[in-house]
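The sequence shown begins at 17 in my numbering and counts up by one.
For glycine and all other residues, C-beta sits at the position ideal for the given N, C-alpha and C.
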Amino acid sequence: MRDIETYEDCLLLITKFYDKLLVDDQIGHFFQQLDLTHHIPKVADFWAFILVDKPGYSNNMMGAHAKLDLHESDFKRWLQLFHETITEYFQGEKSNLAIERSKLVAWTMTSKLS
Ligand code: HEM
17 MRDIETYEDC
27 LLLITKFYDK
37 LLVDDQIGHF
47 FQQLDLTHHI
57 PKVADFWAFI
67 LVDKPGYSNN
77 MMGAHAKLDL
87 HESDFKRWLQ
97 LFHETITEYF
107 QGEKSNLAIE
117 RSKLVAWTMT
127 SKLS
């Protein structure tokens, strides 16, 4: 198995991840109303900025979550599905970085919950 190396890899990862998110009993409802033709490339841009040094992501990612009613258990499930998707398709240094970074961002988001 190979590592995450290109923008296309990030797009594949996020597309497969959203396949799981959308049908998930616990957190699927957060994603079912989104316009995925715009949303998925945005999320792929975010990860491509972190993992493959692709410039371009400039939104306020934390702000995008502020209006959602998120709970710690939702983050646990999100992380579980994200890590599951990564290990199904990729393996290596960047894959590990994606896992570590997602935990850090989720922790930061959780610590802002009231
Ligand atoms: C319980 C966990 C999470 C849920 C339910 C969730 C849900 C969502 C939703 C509904 C949006 C769309 C917001 C909008 O456009 O109005 C969004 C955007 C996004 N999320 Fe999450 N999210 C979660 C955790 C995370 C984590 C841990 C990360 C990163 C490690 C992340 C990365 C992103 C990115 C990059 C966007 C795009 C923001 C933008 O530029 O528009 N999310 N998320």
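Span of the alpha helix (DSSP H), counted from its first residue to its last, around HIS87
Segment: none, HIS87 is in no alpha helix (DSSP H) and carries neither H nor E.
Can you grab the Cα-Cα spacing for the pair TRP123 / THR31, in whole Å?
Near 23 Å, if we compare the C-alpha coordinates of THR31 and TRP123.
Taking C-alpha atoms, which residue in PHE47, TRP63, TYR23 lies nearest to HIS81?
Ranking PHE47, TRP63, TYR23 by Cα distance to HIS81 puts PHE47 first.
Using a C-beta cutoff of 8 Å, does ARG93 count as contacting chain D?
Although the question refers to chain D, the structure presented lacks it and comprises just one protein chain.
Nearer than 7 Å: is that true of the beta carbon of ALA80 relative to any heavy atom of the ligand HEM?
In this structure, ALA80 has its beta carbon less than 7 Å from a heavy atom of the ligand HEM.
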